[in-house]
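Asker: To convert, count from 1 in the sequence shown and add 3; that's our numbering.
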Amino acid sequence: MKELILNADDFGLTRGVNEGIIRAHREGILTSATLMANGAAFDDAVERALANPSLGVGCHLVIVGGFSVAPPEEIPTLAGRDGRLPASLATLVGKVSAGSIRARDIERELLAQIEKIRRAGIDPTHLDTHKHAHAHPGVLEAVGRVARQTGITRLRKPMENLRDSWRSVRGNGGGVSKQLAAAAALRALAPRFRALVRKYGLITPDHFLGLAATGHLGPAALCRLIDTLTEGRTEIMVHPGLCNADLAETGSRLQAQRQLELEGLLAAEVKGAVARHGVRLISYRELGERRLP
Numbered sequence: 004m005k006e007l008i009l010n011a012d013d014f015g016l017t018r019g020v021n022e023g024i025i026r027a028h029r030e031g032i033l034t035s036a037t038l039m040a041n042g043a044a045f046d047d048a049v050e051r052a053l054a055n056p057s058l059g060v061g062c063h064l065v066i067v068g069g070f071s072v073a074p075p076e077e078i079p080t081l082a083g084r085d086g087r088l089p090a091s092l093a094t095l096v097g098k099v100s101a102g103s104i105r106a107r108d109i110e111r112e113l114l115a116q117i118e119k120i121r122r123a124g125i126d127p128t129h130l131d132t133h134k135h136a137h138a139h140p141g142v143l144e145a146v147g148r149v150a151r152q153t154g155i156t157r158l159r160k161p162m163e164n165l166r167d168s169w170r171s172v173r174g175n176g177g178g179v180s181k182q183l184a185a186a187a188a189l190r191a192l193a194p195r196f197r198a199l200v201r202k203y204g205l206i207t208p209d210h211f212l213g214l215a216a217t218g219h220l221g222p223a224a225l226c227r228l229i230d231t232l233t234e235g236r237t238e239i240m241v242h243p244g245l246c247n248a249d250l251a252e253t254g255s256r257l258q259a260q261r262q263l264e265l266e267g268l269l270a271a272e273v274k275g276a277v278a279r280h281g282v283r284l285i286s287y288r289e290l291g292e293r294r295l296p
């Protein structure tokens, strides 16, 4: 059987992103979203999530960009005195690799984010990370320990098949070479990722798509991805939302692209592709106790 999770990242970033995510769930094929505990529109996202219980909501753990949830004095190697987190993934990974960011500080921040979401009345279905930080072994060790401690054992596997990556972006023109390179870099981390997933008893989907095509998943590209689905459980990562002034102020590189991806999730031809291929739409709630092979 082909089962598909469509997960929207960045829930809580802005009210417009939140509105797009909920519309994609109510009117389209979106089944899941991951919530940013440090997002500017966190409270609005929580209100919308509680009003739409059929949407699976996980935790989009953020240790790159923005400000910490934990008091900065409790995580001094991760956040500055003002609470600012490392500005880039490269900075984070470099410092983790060098040992200048302590694992316990990462764990404290991750726990603070999960606890904030739970206090708001949401039981997270799963974990993923902003910029796929958990693909890197030093970060995944911390995520694994936090997953054990919190009992949230479902996790995104952010490695996609490079052949499918290429198929998903063909015809999109320029602007995808960087994302293809990112997909290849993450794929190289797969053996260590699998080992750590087993070590911590975590559960992931079988397949992952959407990294190389980030920002390009309009109707045609989503149809191509659905055409490539194989047996098992697949997650497609998407970034729907409304493009407005609030979004521009975040500095996110995805602006009008979020509107395009919203259109893809609502499109009749995409719904038709799901039906034509007999794909069952699920969220991380339905992932079950199957371990990564």
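By construction, the Cβ of each residue, glycine as well, lies at the ideal position given by its N, Cα and C atoms.
On a predicted model such as this, the values are computed, not experimentally measured, just so you know.
State the CB to CB distance for the pair I125 and L38, rounded to an integer number of angstroms; the pair is presumed to be in contact (CB under 8 Å).
Answerer: Confirmed, about 7 Å.
Asker: Determine the direct distance from the alpha carbon of R122 to that of F70, and round the result to whole angstroms.
Answerer: Taking the straight line from one Cα to the other gives about 19 Å.
Asker: Can you say whether E234 is buried or exposed, counting buried as having 16 or more other CB atoms within 10 angstroms of its CB?
Answerer: Per the 10 Å Cβ criterion, exposed.
Asker: Measuring only the C-alpha atoms, how far is L165 from P74?
Answerer: So the alpha carbons of these two residues sit roughly 40 Å apart.
Asker: Can you tell me where the beta strand (DSSP E) with L7 in it begins and where it stops?
Answerer: Residues K5 to F14.
Asker: Among residues of its own chain, excluding the 5 on either side of H135, which ones have a beta-carbon nearer than 7 Å to its beta-carbon?
Answerer: These residues qualify, in order along the chain: P161 and L189.
Asker: At what residues does the beta strand (DSSP E) containing A36 begin and finish?
Answerer: That run of the beta strand (DSSP E) goes S35 to L38.
Asker: Thinking just about the alpha-carbon of each residue, which of R159, A184, L225 and R236 is nearest to the one in V200?
Answerer: If we check each option's Cα against that of V200, R159 comes out closest.
Asker: What residue does the beta strand (DSSP E) around H305 start on, and which one ends it?
Answerer: Nothing can be reported for residue 305, as the shown portion of the chain is limited to 4 through 296.
Asker: Taking all protein chains shown into account, do 16 or more other C-beta atoms lie within 10 angstroms of the C-beta of T94, making it buried, or fewer, making it exposed?
Answerer: With fewer than 16 other Cβ atoms within 10 Å, it is exposed.
Asker: Taking C-beta to C-beta, are I24 and G244 nearer than 8 Å?
Answerer: It is a contact, given that the beta carbons lie within the stated cut-off.
Asker: Under a Cβ-count criterion, where at least 16 other Cβ atoms within 10 Å of its own Cβ denotes burial, should A184 be classed as buried or exposed?
Answerer: So A184 counts as exposed.
Asker: With DSSP collapsed to three states, give me the class of R294.
Answerer: Here R294 scores only 41 on pLDDT, less than 50, and its place in the model is too uncertain to base an answer on.
Asker: For the putative contact between L64 and T132, defined by C-beta atoms under 8 Å, what is the C-beta separation to the nearest angstrom?
Answerer: About 5 Å separates the two Cβ atoms, so the contact holds.
Asker: Which same chain residues, not among the five before or five after G204, have their C-beta less than 7 Å away from its C-beta?
Answerer: Contacts found: T156.
Asker: Measuring CA to CA, which of L232, R256, A259 and T217 is closest to H280?
Answerer: When only C-alpha atoms are compared, the closest one is L232.
Asker: Which residues in the same chain have their Cβ closer than 6 Å to the Cβ of P30, if we skip the five residues on either side of it in sequence?
Answerer: According to the sequence as given, residue 30 is Glu; it is not Pro. Taken in chain order, the residues that qualify are L269.
Asker: To the nearest whole angstrom, what separates the beta carbons of N10 and H28, a pair I think is in contact under 8 Å?
Answerer: About 11 Å separates the two Cβ atoms, so there is no contact after all.
Asker: Just the C-alpha distance for A115 and S35, rounded to the nearest angstrom, thanks.
Answerer: The straight-line gap from Cα to Cα measures roughly 22 Å.
Asker: Rounded to whole angstroms, what's the CA-CA distance from R293 to R84? Just pull it up for me.
Answerer: The predicted position of R293 is uncertain, since its pLDDT is 46 and thus under 50; no value can be drawn from it.
Asker: Applying the 10 Å Cβ sphere with the 16-neighbour rule, what's the burial state of D46?
Answerer: Exposed.
Asker: Can you give the Cα-Cα distance for N335 and A43, rounded to whole angstroms?
Answerer: With the chain running from 4 to 296 in the structure shown, residue 335 is simply not present.
Asker: May I ask which residues mark the beginning and end of the alpha helix (DSSP H) holding V241?
Answerer: First-last for V241: G235 to V241, but that is the beta strand (DSSP E), not the alpha helix (DSSP H).
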